Every structure is written in C-alpha cells, then in structure tokens.
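Mind the numbering: the sequence shown is residues 626 to 927 in the numbering used here, read in order. A short write-up of the structure that comes next.
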Amino acid sequence: MAEPRGKAAPETALAYLDLAAKFLATRGAASARLDAELLLAMVLETDRVGVYLRFDRPLGRVEVDAYRALIRRRGEGEPVAHLTGRREFWSRSFIVTPDVLVPRPETELVVERALALAGARDRPLRILDLGTGSGAIAVALAGELPAARVTAVDVSPAAVQVAERNAAAAGVATRVRVIVSDWTAALDPEDRFDIVVSNPPYVPTAEIAGLSPEVQHDPGLALDGGADGLDAFRRLVGEAARVVLPGGVLLCEVGAGQAPAVAALFAAAGFVAVGRFADLAGIERVVGGTAVAAAQAGVASS
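The following block contains the structure:
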C-alpha cells in the first residue's frame, strides 16, 4: 500500500482506510472496502463500527506498519479470515486457521435445511457432521438445537483441534464430540444418527489451479474431489447410509452443476425422496435424501 505521489502521508484512520480500500480494489479484491475495514479493526483492536466512531483519530507508526503489512498480504491473495483468524458464519464468529476450509455463506444452506427437517427445536436429535473442518456446521446446529448431540469428524487432527476450540468458544462443547476419523471409520459400530450433514471436497482436481488465490489458501484436502469432483461423495454417501437411522436424512453441499450426479448417488445408496436445493443465486448447492423408512417424511424439494 503506497502513499499517493505528491501528497503527504495520510494521518487519520479514515484516510488510511480509504487508501487501503483503493489499493485492494486495484488488486481485484471483490470486497475491497470490507476487507480494509476488517483489517483496520483488527489493528485497532475494535470492530468495524469502532473504526468509524473514531474515524478521525491519527494512527501511530506501529499501527500504520501493522496495517500496511496486512493490506499487502491481502493484496497478494491471502484470505482475510487467515489474517484475522476469524470468520463469521451463521451469525457466529469462528476461529479459522490455514488447516481448515474458510466457512462460506453458501454452506449456511446445509444448516437451514437441517433445521427445517429437525422439527421441534427441543428434540434430542443425534447429528453427524462428516468432514467438519472448522466445526462451523456442527457448532451452528448445536447452537440452534439445544437438546441435540453432535458428532463431528475430520481426517485432519489439526482441523479437529480447531473444531474443538470453536465448540468450546460457543459453549456447546459438552454436546459436540469431535474426533479424528476418515469419514465414518472411527465411529462406534452402534452409532446411529437422525441427521447426517457434510460439506466434502468437491472441486475437480484439474480446476484447483484455476481457483482464486484466496481459495487456493484453503487446505487441498478440503478442496480436491478427484477427477470429476465426486470422489468423496462416492464413499461418504454409502457410509452415511449405514449409520443414518430409518427415516433419518443425509444432506450434502455440492459444487455448481454436481447436484444431478450426487442425487443419483443418493438414490443408488438407497435414499428416497431425494431433493436438490438452490441458493439465493439459483445454484443447486445442497442434495438431501431420506433413509428408506418413513419416506413420506422425506426431503424432496417442491
């Protein structure tokens, strides 16, 4: 972030914010102003509102240097969530590290569909989150369903540690069990669940190199779905079918254009009333299916 040529260096928080936002815009940041606000709030140890409440305060040299360093890294494509260590999801603040996929707004559709199928919020549901990453889905559901017990699994020990921290920070650690597992491999043989959710890796291998620099900072394990992006679904759908209770449901986030193929995998595994659900942009982002019993209470979209 360079000072404008021929002009004195800015002094106030607002002046530096304006300069940073313009710089990030030239680097192609889709939310340049927001990114600049979040990073300045971090430097000033406040929130975005606090930045504007004291917009005319001068920045000290230490603050300027710290802000410059953050803006430079953001301009090089590093995600804001990695710089701040935080990401908002389902109106909660989650700890994020380079070991986990940064939670994204489209994943909230998985939470929405699960809550729609949960019925009364005080039901003692058993929920399984496969490939939990940061624990965003698991923690969000535990927070909304106070009688539910959630098992969250991930093959990455580092991701499991992040999910445990997020469950503790949200006050749901006593109801969210986080374990290292390759999908269902480490579950107890008798474990069965009312709802199984997953946001698995679904990016085709050949497409990863073309992703934005920001997305490429996510762990490859959380992105790479094999040649056609469906490798994880081919395994987890069958494994989920063995642990979901009769009448229970499986919900998976999918990539753009993948819903028909994933829905076919659901049907082949014995799920019925298979539905495909679109996000606000009209992209089918979630596939859901009901275990064989109680098909009349299935999840098929209208």
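From the three backbone atoms N, C-alpha and C, an ideal C-beta is built for every residue, glycine too. Computed from a predicted structure; not experimentally measured.
Item	Value
DSSP beta-bridge partners of PRO683	THR637
Inter-residue spacing [alpha-carbon to alpha-carbon] between ALA886 and ARG673	42 Å
Segments assigned beta strand (DSSP E), at least 3 residues, entirely inside the stretch 779–821	801–805
ALA766 versus SER781: straight-line alpha-carbon distance, rounded	Here residue 766 turns out to be Leu, not Ala, going by the sequence shown. LEU766 and SER781: Cα-Cα distance of roughly 21 Å.
Residue interval of the alpha helix (DSSP H) (run including THR915)	Element bounds for THR915: not the alpha helix (DSSP H) but the beta strand (DSSP E), 909–915.
DSSP beta-bridge partners of ILE720	ARG711
N- and C-terminal bounds of the beta strand (DSSP E) containing LEU753	751–755
Residue from ALA906, GLY768, PHE858, ARG800 whose Cα sits closest to the Cα of GLY605	The requested residue 605 is not part of the displayed model; the chain covers only 626 to 927.
Identity of the residues DSSP links to SER598 by a beta bridge	Any property of residue 598 remains undetermined from this structure, which presents the chain solely from 626 to 927.
Whether VAL764 touches VAL805 by CB criterion (9 Å)	no
Contact check, VAL667 vs LEU695, beta carbons under 9 Å	The amino acid occupying residue 667 in the given sequence is Met; Val does not appear at that position. In this structure, LEU695 lies closer than 9 Å to MET667 by Cβ.
Simplified DSSP assignment, three categories, for VAL668	helix
Spatial neighbours of THR637 in its chain, beta-carbon cut-off 8 Å, leaving aside the 5 residues before and after	PHE680, ASP681, ARG682, PRO683, LEU684
Under the three-state DSSP convention, the category PRO928 falls into	This structure does not reach residue 928, given that the chain is present from 626 up to 927, and the question cannot be answered.
C-alpha gap between PHE896 and VAL917, whole angstroms	6 Å
CB of HIS842 within 9 Å of CB of PRO723, strictly	yes
Candidates ARG751, ALA784, GLY675, PHE902: closest to LEU870 by CA position	ARG751
Cβ shell of ARG860 (< 7 Å), same chain only, five flanking positions each side left out	TRP808
Distance between beta carbons of ARG774 and ARG800, contact taken as under 8 Å	5 Å
Opposing strand residues paired with ASP849 [DSSP bridges]	VAL828
Neighbourhood of ALA881 by C-beta, 7 Å cutoff - its chain only, sequence neighbours within 5 removed	ILE908
Buried or exposed (CB count within 10 angstroms, at least 16 for buried), PRO629	A caution first: PRO629 carries a pLDDT of 40, below 50, which makes its placement in the model too unreliable to give a value.
First through last residue of the alpha helix (DSSP H) which encompasses ALA903	Premise fails: ALA903 lies in the beta strand (DSSP E), 897–903, not in any alpha helix (DSSP H).
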